[in-house]
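Data first, discussion second: the structure below is written as structure tokens.
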Amino acid sequence: KKHDMLKDELIIKIKQDQVLYKKKLMKSYIDLIQELSNKFINYEIVLRPHPAENLQNWLDVTENFKNVIVTHEKPIGYWIHQSDVVIHTGCTTAIEAFIMDKPVIAFKPIDDKRFNVPLPDSISLKVKNIEDCTKMIQRCINNDYDFFEYKRKGNQILSNSVSSLDGEFSYEKIIKELKTIDVNKIKFNIYQKNKIKFIFLYLNIKNFIRKFVKPTSFKYNKTISKAEVKNSVDRLQQVTKSSEKINICTL
């Protein structure tokens with residue numbers, strides 16, 4: 032509103048309510064993490080804030096919790112694979128965890144349907160408060176729930192929204208589709224080439240300035256190197272047993 036980006040008063044009101052909702056949710060999560068830290072002392076509790084969040088805020092509020100790890104390091108799949116239970120509130124990580132056969136709990140301490148994210152919530156084991164959450168975690172750890180029914184219902188829901196739960200991988204379908212597109216090569220003249228270079232230069236300068244003006248957005252978002260991309264592709268080929276030669280180029 033200050034920068035005249037939002038003009039509809041209803042949208043402004045919803046955005047303001049969303050900020051309050053997230054503040055209350057964060058407070059609920061701090062209380063939950065403290066309870067889990069005390070109750071499950073033999074477990075490590077890994078907290079993965081959103082990349083746009085200030086990691087230091089979470090480090091500060093959890094500094095006295097000895098078994099809590101706050102990190103942006105490593106891909107989310109690594110932590111899911113290591114986990115016994117995944118807890119979220121309206122996060123697509125829940126879908127990844129479900130597909131990896133992990134019990135997923137949706138922690139919903141605040142009932143506001145305007146800010147629900149239906150798909151990840153619908154495939155999760157839902158709890159509304161800290162007490163119920165700790166009980167559900169214990170049940171998951173003890174395998175005291177119907178895993179097959181949990182997966183059956185979740186797969187039925189996901190089948191309407193997520194492709195490649197079985198059969199071909201999504202990347203294979205995407206590659207096939209890309210190969211059907213007839214792309215005409217474009218030859219740029221010197222003016223057009225210089226214009227493109229100027230645009231990229233402008234964006235690089237803009238992002239460089241933003242690192243100092245708003246460092247939170249960039250502090251934990253690292254540039255991906257060619258070697259990292261190659262490593263990911265190599266691991267994917269190992270998993271899929273693919274021998275296809277793939278060339279990786281820097282644009």
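Every position in the sequence shown, counted from 1, becomes a number in my numbering once 31 is added. All C-beta atoms in this analysis are idealised placements derived from N, C-alpha and C, irrespective of residue type, glycine included.
Closest in C-alpha terms to Y181, from the list F71, D152, K226, I279, comes D152.
Contact between the region 164–176 and the region 104–116 is established, with three or more Cβ pairs separated by less than 8 Å. DSSP links V117 through a beta bridge to V135.
Considering only L150, F200, S274, I154, the residue with the shortest C-alpha distance to K184 is I154.
DSSP places K54 within a helical segment (H, G or I) once states are collapsed to three. Distance from the Cα of I100 is smallest, within the candidate group C122, Q65, K133, for Q65. Non-local beta-carbon contacts of E127 in its own chain, meaning distances under 8 Å to residues more than five positions away in sequence, involve I107, G108, I111 in chain order.
The distance from the Cβ of A137 to that of T124 is about 11 Å, inconsistent with a contact at the 8 Å cut-off. In the three-state reduction of the DSSP assignment, V92 falls in the helix class. Taking all protein chains shown into account, P134 has 16 or more neighbouring C-beta atoms within 10 Å of its C-beta and is therefore buried. By the Cβ-count criterion, K139 is buried, with 16 or more other Cβ atoms from all chains shown falling within 10 Å of its own Cβ. The continuous beta strand (DSSP E) containing L78 extends over residues 76–78. Annotation for L156: no alpha helix (DSSP H) segment contains it, though the beta strand (DSSP E) segment containing it runs 156–158. In this structure, DSSP gives I217 a state outside helix and strand, which the three-state scheme calls coil.
With the rule of 3 Cβ pairs closer than 8 Å, the region 87–103 counts as touching the region 67–76. Here the alpha carbons of L234 and Y222 stand approximately 19 Å from one another. DSSP lists I76 as the beta-bridge partner residues of V99.
Fully contained in the region 156–235 are the following alpha helix (DSSP H) runs of length 4 or more, in chain order: 161–172, 178–189, 201–210. Y52 places its beta carbon 8 Å or farther from that of D163. Distance from the CA atom of L150 to the CA atom of I130, rounded to whole angstroms, is 13 Å.
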